[in-house]
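In order, the protein sequences belong to chains A, B, C and D. Our numbering numbers the first residue of the first sequence as -16 and each following residue consecutively. Our numbering numbers the first residue of the second sequence as -16 and each following residue consecutively. Our numbering numbers the first residue of the third sequence as -16 and each following residue consecutively. Our numbering numbers the first residue of the fourth sequence as -16 and each following residue consecutively.
There are 4 protein chains.
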Amino acid sequence: MAIVLGPNQYGKAEVRLVRLRRDGELHELTDLNVSVALGGDLADTHETGDNANVLPTDTQKNAVYAFAREFGVNQIEEYGLRLARHFVDTQPSIRQARVSIEEYGWRRLGPHSFAKAGEGTRTAAVTYDGSTAWVVSGVTDLVLLNSTDSEFHGFIQDRYTTLGETRDRILATAVTASWRHATAEGDWATSYEESREALVRAFVRTYSLSLQQTLYAMGRAVLYGRPELAEVRLALPNRHHFLVDLAPFGLENPGEVFYAADRPYGLIEGTVLRDEAPPPGLAWSLSV
Amino acid sequence: MAIVLGPNQYGKAEVRLVRLRRDGELHELTDLNVSVALGGDLADTHETGDNANVLPTDTQKNAVYAFAREFGVNQIEEYGLRLARHFVDTQPSIRQARVSIEEYGWRRLGPHSFAKAGEGTRTAAVTYDGSTAWVVSGVTDLVLLNSTDSEFHGFIQDRYTTLGETRDRILATAVTASWRHATAEGDWATSYEESREALVRAFVRTYSLSLQQTLYAMGRAVLYGRPELAEVRLALPNRHHFLVDLAPFGLENPGEVFYAADRPYGLIEGTVLRDEAPPPGLAWSLSV
Amino acid sequence: MAIVLGPNQYGKAEVRLVRLRRDGELHELTDLNVSVALGGDLADTHETGDNANVLPTDTQKNAVYAFAREFGVNQIEEYGLRLARHFVDTQPSIRQARVSIEEYGWRRLGPHSFAKAGEGTRTAAVTYDGSTAWVVSGVTDLVLLNSTDSEFHGFIQDRYTTLGETRDRILATAVTASWRHATAEGDWATSYEESREALVRAFVRTYSLSLQQTLYAMGRAVLYGRPELAEVRLALPNRHHFLVDLAPFGLENPGEVFYAADRPYGLIEGTVLRDEAPPPGLAWSLSV
Amino acid sequence: MAIVLGPNQYGKAEVRLVRLRRDGELHELTDLNVSVALGGDLADTHETGDNANVLPTDTQKNAVYAFAREFGVNQIEEYGLRLARHFVDTQPSIRQARVSIEEYGWRRLGPHSFAKAGEGTRTAAVTYDGSTAWVVSGVTDLVLLNSTDSEFHGFIQDRYTTLGETRDRILATAVTASWRHATAEGDWATSYEESREALVRAFVRTYSLSLQQTLYAMGRAVLYGRPELAEVRLALPNRHHFLVDLAPFGLENPGEVFYAADRPYGLIEGTVLRDEAPPPGLAWSLSV
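Right, dumping it as structure tokens:
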């Protein structure tokens, strides 16, 4: 029984790129973290160290910077598509490329002054295999909290149950959500803004009996509003806020004083999709 | 030559407290990280393990939560003063208390919904020694960037100089600033808001020939505007953005494409104060 | 076109468990971070908030602790198997369970004294679907460096190439490796120790023309030595060490002074497997 | 009342330097994180942006690398002294220099192969003011645990007490310790090794009634054994391990199953010194 090479990929990760547009009075700032992963005819470098088919990760990094100058960086989906296509279309040995981008938000303070904003990071992951391109957009590190309108009860009781039922709790999470576009074309800016807004609005408006219910409501809200999207994937850590027992000090605690715990945390993950959504292909990862 | 115990302190660090006010339609959320440090007659516990003078850190944590319920948490300076006074005034063995607080900002999304904001964390450190109280307020993790109006030249040249002079660069930093109040009373909310605003405005408006010049302008702006303050301390990492050399690719780079470096970074630290400022006492640390 | 719920899972993540065995003179310490993910009949809680099929994540956490007491924690694979089987076998609504564990190493200093060790964290991930169990073992955060015997040349040259070829460089990485067992039974301790040793030995002994070559050698070494394993997956960040140009200071730098960079970094990922390996089933993730 | 500039300093922080010695068969690896802070005649750059007195932080970084080549890096105290003296002795405007160094340990795997070790990081901080040099050595991130021989009782009881007394608990901490040398000369390697060993041995051997007692024993052990040292400063977080209540599951828990908490944590800080120790001068910080 022989030992063989299976799926593999390589690339430059976390290229930190800041792109400034200074055409007019107002400077425009784009702040990105770009990661590239490539797949293809890479058996030789694994087996013998022959690098004739290897486009060095250093070169990938150079392309990230050069493309920012040559073509600008407007919407990260568009920028990622251009990069992914470049790697596959110019290198015969590279058959698949995936470009993953985080975009950090900055709030304008003046014509050329900015403060780094904190309400979530925009993301995109673009994959191209020489004929088809897939685009996933998303948001991460978006921390949301409802201070009421959340219950949790009616769950399974077994030998290891100690949790009491509650009719009122804090529900808090750090949203990581990604949504798959049905095609690799679109109005990326509007699609992102409205998808993000739909997520937030659904979180705020859902009277929640479980974080799963909130997750599903958030995913549905995105798909209802955005026909260009086929699927939403969400990962919602349950950032527990435990009511502190103040009875030993002769105090009641009617839902007012909480301990915000670090670990452990619940982690709720789910997918919401159209029942006739096209198959995902390579949208979510390179390896097939 | 004997070996002796020198300055010492102990306490509970990083008590995560979320305080909810739900009196009316609108919930109010306060999200804190509270650290306590106590000093006093603590030789016994060090020398023999006799804990008769030790108020356990667990008890300190309980007080943090109980005070939030009994007295509420409005301004963190006021809350810290109450806690610091409590420890010293109720325990004969405790002679000094320092309460350090971080307050995380949340943006309102609805009557009882919030998104965690990211433009800096408000801080306070309150010290009390049984007769005098000192209050330091501040901000940390406030990331600011000017995309022009920053130069750096005319510096020392020596054998190890390779840096070129520049007439136009990105200036970016993550502000940590603390300002000492002349007395332990005040309108904490207004003082904080206007000090923070003065820092940001000075960063934005200063045409900078060095990060030191910007630092000094920021400190002065706070003191000019806020007569209740005696001193400002600033620590400004210089978050370098290096222009990428695109010449190998036949491209110019007229201040548009930058590499945002992690390490190393410049670190500029300085104090700005009134020349007749009262002495700091224990404002900046417990040990005298 | 309807919107529907797709694959989903939930569980308690990062339960920090320290298990002490104090039967004899020598205490034994086990330090774990345990994460549980469950799948099954969970449509109701998503769609209506009906939690009748939900085993709360709090209960999962309790089971993690109780099992450590009832059955001990010897090998993490065995402990994970027991937990995963428990969730599926006792709850009709739970059809799949995945238990992921990190084990932090401690070095003995005395009969009941320990220092936390740093050369990598042992990992295991166990999945069970009611009939089949899959076991993946591994290591992460194992940082290795060869100060020579590494070259990189003969790679693709294109418009964006600036990297020079090298016949001698530092090769450094932080190994994350996971290996899939062909069956869910085995001598877990020996399998782990020898697989880890094979990885390290292959890294040390491989004269490397690319990090891919080293990766493949590492994976093969594990499979050659351990017949109970079917597949190895490796993720090797290339922790770049750049030679500092000291020529401006009149100094040569014959491979002696390096700048250790944080970002960006190369990331090399690959799979090595037996050509007749059984299919992975749910070994690598819950969703089918 | 005028606003004036107070104490200030600046420098390059976190220069990551790897120094390889490859004279013979065995390569020697030194892995450092070097930070420089300078003080002196810096009013102009703050007040007007005139940088004539400023040695750029980029130049400081270059010196860090060049000195590693010109003079080697043997003991970090010696390397730091040479750098600190260089900055002050060659630049009239620079009156004080402080060089802080972290040294990461690596374990040898072969003639030119290494694994990053994890049992603590060696530190040094060297200060020079043109006539006197001060040296502080130390260790950080050294995580130690005793699984018994630790009690805590007899402490103050007040209204906010809920903690029970204990006659047997886990005592765990991450040691940060720094020790001041009486003079700026010495056998740095032996002094470090034996000081570190004294700390560990005292932690292991002390039957502890409080973490303060352990701290004091650790500090004394260093000073007893090392006459060249004048003072030891320790910061010991109390990494709480809470016994899990298994009674709800019909299980006893006789000191076997623990929850390792992240936050909050106790923080015990103290100084141990010779009663006739020379004054610290600038040993602990630049500002006087």
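Where is the CB? At the ideal position from N, CA and C, for every residue including glycine.
Helix, strand or coil for residue i per DSSP?
i       : result
B/I45   : Checking the sequence shown, residue 45 of chain B turns out to be Asn, not Ile. Correct three-state label for B/N45: helix.
A/V271  : Confidence is the limiting factor: at A/V271 the pLDDT is only 48, short of 50, which leaves the residue's position unreliable, though a coordinate-based value still follows. Reduced to three states, the DSSP call for A/V271 is coil.
C/Y62   : helix
D/Y175  : helix
D/F97   : strand
C/L21   : strand
C/L38   : coil
A/A(-4) : strand
C/D170  : coil
D/L182  : helix
C/G14   : The identity of residue 14 of chain C in the sequence shown is Asp, whereas the question assumes Gly. In this structure, C/D14 counts as strand in the three-state DSSP scheme.
D/E53   : helix
A/R150  : coil
B/T73   : helix
A/R2    : strand
D/R142  : coil
So residue i contacts chain A; which residues on that side make the cut at Cβ distance below 8 Å?
i        : result
B/H10    : S130 and T131
C/P(-10) : G253 and T254
Hey, could you find the ends of the alpha helix (DSSP H) residue i is sitting in?
i      : result
C/Y190 : Where C/Y190 is concerned, there is no enclosing alpha helix (DSSP H), given that its DSSP letter is neither H nor E.
D/E30  : A26 to E30
Considering just the uninterrupted stretch of the beta strand (DSSP E) at residue i, what are its terminal residues?
i        : result
B/D124   : A116 to N129
A/S161   : L154 to H164
C/I77    : I77 to Y87
C/A(-15) : C/A(-15) -> no beta strand (DSSP E), and no H or E assigned at all.
B/A107   : T104 to Y111
For a contact meaning CB atoms closer than 9 Å, what does residue i contact in chain A?
i       : result
D/Y143  : P231 and F232
C/E(-3) : D245, R246, P247, Y248 and L250
Name the chain A residues whose beta carbon is nearer than 7 Å to that of residue i?
i        : result
C/S193   : T28, G32, N34 and V37
C/M(-16) : R257, D258 and E259
Against residue i, what residues of chain B qualify as contacts under a CB-to-CB distance less than 9 Å, listed in chain order?
i     : result
A/S96 : L127, L128, N129, S130, D132, V183, F186, V187 and R188
A/G93 : N129, V187 and R188
List the residues of chain B whose Cβ lies closer than 8 Å to the Cβ of residue i, in chain order.
i      : result
A/W89  : L128
D/G264 : Those within 8 Å of D/G264 in chain B number zero; the least Cβ separation is about 16 Å.
In chain D, which residues lie with their C-beta within 8 Å of the C-beta of residue i?
i     : result
B/N45 : Y143, T144 and T145
Run through chain C and tell me which residues come within less than 9 Å of residue i, C-beta to C-beta.
i      : result
D/N236 : Y48 and R52
Taking Cβ-Cβ distances shorter than 8 Å, what residues in chain C pair up with residue i?
i       : result
A/G(-6) : G249 and L250
A/H164  : None at all; the shortest Cβ gap to chain C is about 15 Å.
Run down chain B in chain order and give the residues with a C-beta less than 7 Å from the C-beta of residue i.
i      : result
A/H224 : V1
Which chain D residues are close to residue i, counting only those with a beta carbon under 7 Å from its beta carbon?
i      : result
C/A347 : Any property of residue 347 of chain C remains undetermined from this structure, which presents chain C solely from -16 to 271.
Note to self: To test your reading of the DSSP string, which unbroken alpha helix (DSSP H) runs of 4 or more residues are found completely within the segment 193 to 249 of chain C?
What the structure shows: Listed in chain order, they are 194 to 208.
Check: Taking one C-beta from the segment 238 to 245 of chain D and one from the segment -1 to 6 of chain C each time, how about it: are there three or more such pairs within less than 8 Å?
Finding: Contact check between the segment 238 to 245 of chain D and the segment -1 to 6 of chain C: three or more CB pairs, one atom from each, fall below 8 Å, which counts as touching.
Notebook entry, point to check: Taking a cut of 8 Å between CB atoms, which residues from the segment 238 to 251 of chain A lie near chain G?
Noted result: Absent from the structure is chain G; the protein chains it does hold are A, B, C and D.
Margin query: Across the segment 188 to 205 of chain C and the segment 130 to 142 of chain C, are there enough close Cβ pairs to call them in contact, namely three or more that are closer than 8 Å?
Written below: A contact exists between the segment 188 to 205 of chain C and the segment 130 to 142 of chain C.
Notebook entry, point to check: Does the segment 40 to 47 of chain C touch the segment 88 to 105 of chain C, meaning 3 or more C-beta pairs lie closer than 8 Å?
Noted result: Touching, no.
Notebook entry, point to check: Does the segment 106 to 123 of chain D come close enough to the segment 3 to 15 of chain B that 3 or more CB-CB pairs lie under 8 Å?
Noted result: No, they do not touch.
Next item on the list: Indicate whether the contact test is met: 3 or more Cβ pairs, each with one atom in the segment 175 to 187 of chain C and one in the segment 119 to 127 of chain C, closer than 8 Å.
Entry: Output reads yes: the segment 119 to 127 of chain C touches the segment 175 to 187 of chain C.
Notebook entry, point to check: Between the segment 215 to 226 of chain B and the segment 144 to 159 of chain B, do at least 3 Cβ pairs fall closer than 8 Å?
Noted result: In short, these stretches touch, since the Cβ pair count reaches three.
Check: Touch check for the segment 15 to 29 of chain C and the segment 246 to 263 of chain D: three-plus C-beta pairs under 8 Å?
Finding: Under the 8 Å Cβ criterion, the segment 15 to 29 of chain C does not count as touching the segment 246 to 263 of chain D, having fewer than three qualifying pairs.
Next item on the list: Report yes or no: do three or more beta-carbon pairs, one from the segment 55 to 65 of chain A and one from the segment 158 to 174 of chain A, lie closer than 8 Å?
Entry: In short, these stretches touch, since the Cβ pair count reaches three.
Next item on the list: Specify whether the segment 71 to 87 of chain D and the segment 97 to 107 of chain D touch according to this definition: at least 3 beta carbon pairs, one from each stretch, less than 8 Å apart.
Entry: Verdict: yes, contact present.
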